[in-house]
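Numbered per the working numbering, the sequence shown spans residues 7 to 81.
Yeah, the Cβ is synthetic: ideal placement off N, Cα and C, and Gly gets one too.
Please read all numbers here as calculations on a predicted model, not as lab measurements.
To start, the structure itself, in structure tokens.
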Amino acid sequence: DGSMQTSASGPVYRGPGAPATGPPHHYTFEIYALDTRLDIGHGADAFETRANVMKAVQGHILGKAVYVGLFRRPQ
């Protein structure tokens, strides 16, 4: 139901945070429609958590969309 998010900094979603200087930073969001609710815990780090999620969704994906956005902090 989208009520639990996990990011590289833990069980929260902080949103995009591009570096203070430099070129626009790109963000890729993968959105999945599933036929079941996942019940998995957090991994030791973001990479393990992603691997656990990707393993759990196998066979349950009804659809997928990818959104790529560019963001640069105002100067």
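Contact holds between the region 20 to 39 and the region 59 to 78, because three or more Cβ pairs, one in each stretch, are under 8 Å apart. Residue state for Ala39 is assigned as strand, using DSSP reduced to three classes. A contact between stretches requires three or more CB pairs, one per stretch, nearer than 8 Å, and the region 27 to 34 meets this requirement with the region 68 to 78. Within a 10 Å sphere around the beta-carbon of Thr55 sit 16 or more other beta-carbons, which makes this residue buried. Counting only residues of its own chain and dropping the five nearest sequence neighbours on each side, Thr42 has a CB closer than 6 Å to the CB of His66.
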